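Enquirer: Residue numbers (the numbering used here): 130 to 352. All residues carry an ideal CB built from backbone N, CA and C; glycine is no exception. The structure displayed is predicted, hence computed values, not measured ones.
(1) Nearest-angstrom Cα distance between residue 265 and residue 250?
(2) Compute the Euclidean distance between the alpha carbons of residue 326 and residue 317, then round it to the nearest angstrom.
(3) For residue 170, which residues does DSSP report across the bridge?
(4) Name the DSSP bridge partner or partners of residue 201?
(5) Need the endpoints of the beta strand (DSSP E) that residue 223 sits in, please.
(6) So, do the segment 214–222 and the segment 198–205 have three or more beta carbon pairs nearer to each other than 8 Å?
(7) Apart from the five residues just before and just after residue 172, which ones in its own chain have a Cβ nearer than 6 Å to its Cβ?
(8) For residue 312 and residue 332, I'd like the C-alpha separation in whole angstroms.
(9) Near residue 158, what residues of its chain come up, given a Cβ to Cβ distance below 7 Å and the 5 sequence neighbours on each side ignored?
(10) Residue 329 by DSSP, collapsed to three states: which one?
(11) Which same chain residues end up closer than 6 Å to residue 178 when comparing Cβ atoms and leaving out the 5 residues on each side of it in sequence?
(12) Less than 8 Å between the CB atoms is what I'm expecting for residue 247 and residue 234, so what's the real figure, rounded?
(13) Excluding five sequence neighbours on each side, which residues of the same chain lie with their C-beta closer than 6 Å to the C-beta of residue 353?
(14) On the criterion of 16 or more Cβ atoms from any shown chain inside 10 Å, does residue 154 qualify as buried, or is it exposed?
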């Protein structure tokens, strides 16, 4: 304990002496790196703009700006643009250099998002009653998800037919045993794990519909 007091006492006396003399001053002398980014998260491909004009040097001049974008790309200058083409999280690093050789670094992260696939499907056969598509119970229906697409590849098609039954594949077949309105859900997944759903109502009637438009007061129902 005595030894600790002896060490602290000279430091205390020094601080008192500096305070009395009025010569104690704390200031930043190193360059300070700062920048803004136009995008922090966006669907690829996209261009992000970076602005480092907020960076400053209290005692000198900033002579160069070096950027790395986390995907192998680099650039220089106070204001730069960079295009991200692959999904992922990238670390953007800015390093500034002043006229005395001093440096400062700051960084942020940019998230490049995978564009989601588009889910679409058609089904046949179907007739039309009072401008509503209908199919009959126990009729084999073909569901086709070929109109779904992705910027790369759709790797899976999952179907839910609204009657507890499911199926997988781009083209599937299904029969409804009972009349009613069923919500058919197609879920597609792309090669990056992105998913999207398409939902359509299928109206199933008890009898076999004719292959023509029916209008007028003909009684029918789709419950």
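Expert: Walking through what the data contain:
(1) Approximately 19 Å, taken between the alpha carbons.
(2) 6 Å
(3) 240
(4) Bridge pairing for residue 201: absent [DSSP].
(5) 217–227
(6) yes
(7) 242, 244
(8) 9 Å
(9) 187, 188
(10) strand
(11) 167, 210
(12) Going by Cβ atoms, the distance from residue 247 to residue 234 rounds to 42 Å, so no, they are not a contact pair.
(13) Residue 353 falls outside the range modelled here, since the chain spans only 130 to 352, and no answer is possible.
(14) Confidence at residue 154 is low in this model, with a pLDDT of 49, below 50, so its placement is unreliable and the value that follows should be read with caution. When all chains shown are included, residue 154 counts as exposed.
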